[in-house]
Amino acid sequence: MVTLIWFIVIFGAVVIAHEFGHFLLAKANGIHVVEFSVGMGPSLISVKKGGTRYALKLFPIGGACMFEGEDGLMEKDGEPGEGSFLKAPVWGRISTVVAGPFFNFILAFIIAFIMVNMSDIIAIRDPVVTQVVEGGGAEAAGLQDGDLIISLNGERIRMYQEISLYMQATYRSGDLKVVYERDGERYTTTLTPQYDQGSGIYMLGVSNSDFVEPKGLAKFRYAWYEMRYSVKATYKSLGMLFRGRVSREDVAGPVGIAVNVVGKTYEAAKDYGWRSVLLSMLNITLMLSVNLGILNLLPIPALDGGRLVFLLVEVIRGKPIPPEKEGMVHFVGLMFFMVLMVFIFFNDLSNIFLH
């Protein structure tokens, strides 16, 4: 029951932030919001106010902010009415579409800031070498304790965990160009990472055991770093998925997230007290909010990114794509996602009961 409550709270926060972004910018651009709903399926609670129906639905996944005239499916006699999505200026429509993912990033930053303020229990580490592993690539390249890693093959490193992320998701083979700082001076060296059988990834040959406790305005900077790390982890994971480096067992939908992520994380954290549980749940919310923001910006029909493509084409052409044609494209995309949801549902069940 506790897992279910946390799952509803986490998904609710992420979805509400997303849909509220659409809602707020729609109102600002004079677009009539027909329905603002959280969840899917039949409505549990439904209230109509100011021409908008607000609904809480049975299944605590997903949500919707439906506009008048969206996809050309609500028009009468072929003419968009006052407050129609189609009558709003094109840049107003673009801002309304982008606002959903943007608000997910705002939520992610707020959560990251809260987490940074719990620095006494969160492992915030600068990319500083506190120990060079004997016989590793870093030792051979001349790195020393106290060196600050600046970049790996040109990719800027802000937090220590980004080193592991780079080695797991980006590095393939060969020499690695490392820029580091020592005593205020920057140096460049080249090292050869060594493969670690235990973790299954190549290792730089360094470790870090010093935690940082940000003070004052530095908390905002580290909150940005935390969110930035989540963004990098998300798009790098997508890249691994498209390259076939992520297995079916690594993919999770709502059921898998509830059981294998929220549930197991809660069980692991509860023995350390409520602050540890809260921090763990905040971290999951941060990752999910960033995931939702990035995934919705992908140029795929039925997603915000797919709608954005049509709007940008309108900007270039100087006139919109016929609404009925755009609506059909998004309908096909919606059908694809419904099939995908069924697959992910059974994949979640397989991962839970068969592994």
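Start counting at 1 in the sequence shown, then tack on 39, and there's your number in our numbering. Glycine residues also receive a C-beta, built at the ideal position from the N, C-alpha and C atoms.
{"Query": "Is it right to say S212 is buried, meaning 16 or more other beta carbons lie within 10 angstroms of its own, or is it exposed?", "Result": "exposed"}
{"Query": "Spell out the partners DSSP gives R195 in its beta bridges.", "Result": "S190"}
{"Query": "Apply the 10 Å Cβ neighbour rule to A177 and answer buried if 16 or more other Cβ atoms are within range, or exposed otherwise.", "Result": "buried"}
{"Query": "Among the candidates I202, A52, C104, whose CA atom is the shortest distance from the CA of N247?", "Result": "I202"}
{"Query": "Mark G60 as exposed unless 16 or more other C-beta atoms lie within 10 angstroms of its C-beta, in which case mark it buried.", "Result": "buried"}
{"Query": "Can you check whether the CB of V53 is closer than 8 Å to the CB of N143?", "Result": "yes"}
{"Query": "Could you check whether the Cβ of L187 sits closer than 8 Å to any Cβ belonging to chain B?", "Result": "Annotation note: the requested chain B is absent from the structure, which comprises a single protein chain."}
{"Query": "Relative to the C-alpha of A56, which residue among W45, R225, G102, Q170 is closest?", "Result": "G102"}
{"Query": "Residue range of the beta strand (DSSP E) that T227 falls in?", "Result": "224-230"}
{"Query": "Between I49, T229, F141, which has its C-alpha nearest D343's C-alpha?", "Result": "F141"}
{"Query": "Under the rule that 16 or more other beta-carbon atoms within 10 Å means buried, what is V381, buried or exposed?", "Result": "exposed"}
{"Query": "Leaving out five residues before and five after V167 in sequence, what residues of the same chain have Cβ atoms less than 8 Å from its Cβ?", "Result": "G185, D186, L187, I188, Y199, N247, D249"}
{"Query": "Please report the straight-line C-alpha distance between W45 and K216, rounded to a whole angstrom.", "Result": "43 Å"}
{"Query": "Run through the DSSP bridge pairs and tell me what I84 is partnered with.", "Result": "L95"}
{"Query": "On the DSSP letters alone, give me the boundaries of the beta strand (DSSP E) that I161 sits inside.", "Result": "Run containing I161: none; DSSP gives neither H nor E here."}
{"Query": "Find the nearest neighbour of E74 within the set Q233, L64, V86, M242, judged by alpha-carbon distance.", "Result": "V86"}
{"Query": "Excluding the 5 residues flanking P81 on each side, which residues of the same chain have their C-beta closer than 8 Å to its C-beta?", "Result": "K96, L97"}
{"Query": "For the structure I just gave you, are there three or more beta carbon pairs, one from the segment 370-379 and one from the segment 346-356, closer than 8 Å?", "Result": "no"}
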